[in-house]
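Presented below is the structure to which this report refers.
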Amino acid sequence: MSGVRKGLAKVEIALRWDPSPAGTPANDLDILAAVYGAADPHGEPVYLVHFGSRAPDGTITLNRDSQTGQGFGFDEVMTLELTRMSSELVRVVVGVVIQDADAGTGAGEGVKTFADIPGTGLRIREGYTDLAETDFAAVAGATAATVAEFVRDASGSWSLEGAVRGFETGPEEFARIMGAVRS
Numbered sequence: 001m002s003g004v005r006k007g008l009a010k011v012e013i014a015l016r017w018d019p020s021p022a023g024t025p026a027n028d029l030d031i032l033a034a035v036y037g038a039a040d041p042h043g044e045p046v047y048l049v050h051f052g053s054r055a056p057d058g059t060i061t062l063n064r065d066s067q068t069g070q071g072f073g074f075d076e077v078m079t080l081e082l083t084r085m086s087s088e089l090v091r092v093v094v095g096v097v098i099q100d101a102d103a104g105t106g107a108g109e110g111v112k113t114f115a116d117i118p119g120t121g122l123r124i125r126e127g128y129t130d131l132a133e134t135d136f137a138a139v140a141g142a143t144a145a146t147v148a149e150f151v152r153d154a155s156g157s158w159s160l161e162g163a164v165r166g167f168e169t170g171p172e173e174f175a176r177i178m179g180a181v182r183s
């Protein structure tokens, strides 16, 4: 018997980057997810998941958190169990933000952007199927970026929408505005 696939179920977001050169501030990138309810899908998030936290219902977890990018392969991994989420939750926006972006490139030159961090990469997959990949080249001048938007349709099925969008803001402001309607 074969079944009909009803959208995305369990998705993994994996982020990698190279460590900063010796003697320079560490490159610290973080994955975060903002979850929105049906009553206000583009307003204030119902909750945020980031380093040191998880979804109240356990449906979104940050399985790995790196502050330096040291290690092999993907340094941070977040898992979203979309089908376990309450039916009142209809949208999840996932982003990546550079912590201490104002630390500059180590030469005392302003803000650290994705262009200053070598070896960046992001992979979104369900099981063994890659759904999307990026290296942040499209948003090289940004300090934060949304990388995925998961949306629940009227039947309850989840899909992946959106493209990488850059922001020039710090972590606190990014968390507040990452899911807002953007013109």
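Sequential numbering from 1 applies to the sequence shown in UniProt numbering.
Glycine included, every Cβ here is placed at the ideal spot set by N, Cα and C.
Output needed for residue 57: all residues of its chain with C-beta closer than 8 Å, excluding positions within five of it in sequence on either side, in chain order. Stepping through the sequence shown from its first residue, residue 57 is reached at position 57. For residue 57, same chain residues with a beta-carbon under 8 Å away, outside a window of 5 residues either side, are 84, 85, 86 in chain order.
Would you tell me roughly how many angstroms separate the C-alpha atoms of residue 137 and residue 53, rounded to the nearest one? Translated into the one-based positions of the sequence shown, residue 137 becomes position 137. Translated into the one-based positions of the sequence shown, residue 53 becomes position 53. One C-alpha to the other measures close to 29 Å.
Which residue's Cα is closest to the Cα of residue 149: 141, 172, 181? The sequence position of residue 149 within the sequence shown is 149, counting from 1. For residue 149, the closest C-alpha among the options 141, 172, 181 is that of 181.
With 16 as the cutoff for other CB atoms within 10 Å, does residue 21 come out buried or exposed? One-based indexing of the sequence shown puts residue 21 at position 21. Exposed, since its Cβ has fewer than 16 Cβ neighbours within 10 Å.
Measure the C-alpha to C-alpha separation of residue 165 and residue 93 and round it to an integer number of angstroms. Numbered from 1 along the sequence shown, position 165 holds the residue referred to as residue 165. Numbered from 1 along the sequence shown, position 93 holds the residue referred to as residue 93. Their backbone Cα atoms lie some 11 Å apart in a straight line.
Would you call residue 2 buried or exposed, if buried means 16 or more other Cβ atoms sit within 10 Å of its Cβ? Your numbering for residue 2 matches position 2 in the sequence shown. Note on residue 2: pLDDT 38, under 50, position unreliable in the model; no value is reported.
Quick one: residues in its chain with C-beta nearer than 8 Å to the C-beta of residue 128, no 5 flanking neighbours on either side, listed in chain order? Locating residue 128 in the sequence shown gives position 128, where the first residue counts as 1. Excluding positions up to five away in sequence, the list is empty.
Taking the alpha helix (DSSP H) that residue 44 belongs to, which residues open and close that run? As a first step, residue 44 must be located in the sequence shown, where it is residue number 44. Here residue 44 belongs to no alpha helix (DSSP H), and DSSP marks it neither H nor E.
When the Cα of residue 169 is compared with those of 25, 9, 114, 23, which residue comes out closest? As a working note, residue 169 is residue 169 in the sequence shown. Measuring from the Cα of residue 169, the nearest candidate turns out to be 114.
Sort 35, 124, 46 by Cα distance to residue 16 and report the nearest one. Reading the sequence shown from its first residue, position 16 is the one you call residue 16. Among 35, 124, 46, the Cα nearest to that of residue 16 is on 124.
Which whole-angstrom value is the C-beta distance of residue 32 and residue 8, which I expect to be below 8 Å? Here residue 32 is taken as the residue at index 32 of the sequence shown, counted from 1. Here residue 8 is taken as the residue at index 8 of the sequence shown, counted from 1. Cβ-Cβ separation between residue 32 and residue 8: approximately 19 Å, too far for a contact (criterion under 8 Å).
Please look up how many angstroms separate the CB atoms of residue 120 and residue 135, rounded, as I've assumed it's under 8 Å. By one-based count along the sequence shown, residue 120 stands at place 120. By one-based count along the sequence shown, residue 135 stands at place 135. Confirmed, about 6 Å.
Member of 142, 26, 153, 10 whose CA lies at the smallest distance from the CA of residue 257: Outside the shown range of the chain, which is 1 to 183, sits residue 257, and nothing can be said about it.
Could you spell out the range, first to last residue, of the alpha helix (DSSP H) harbouring residue 172? Along the sequence shown, read from residue 1 onward, the residue named residue 172 stands at position 172. Element bounds for residue 172: 171-177.
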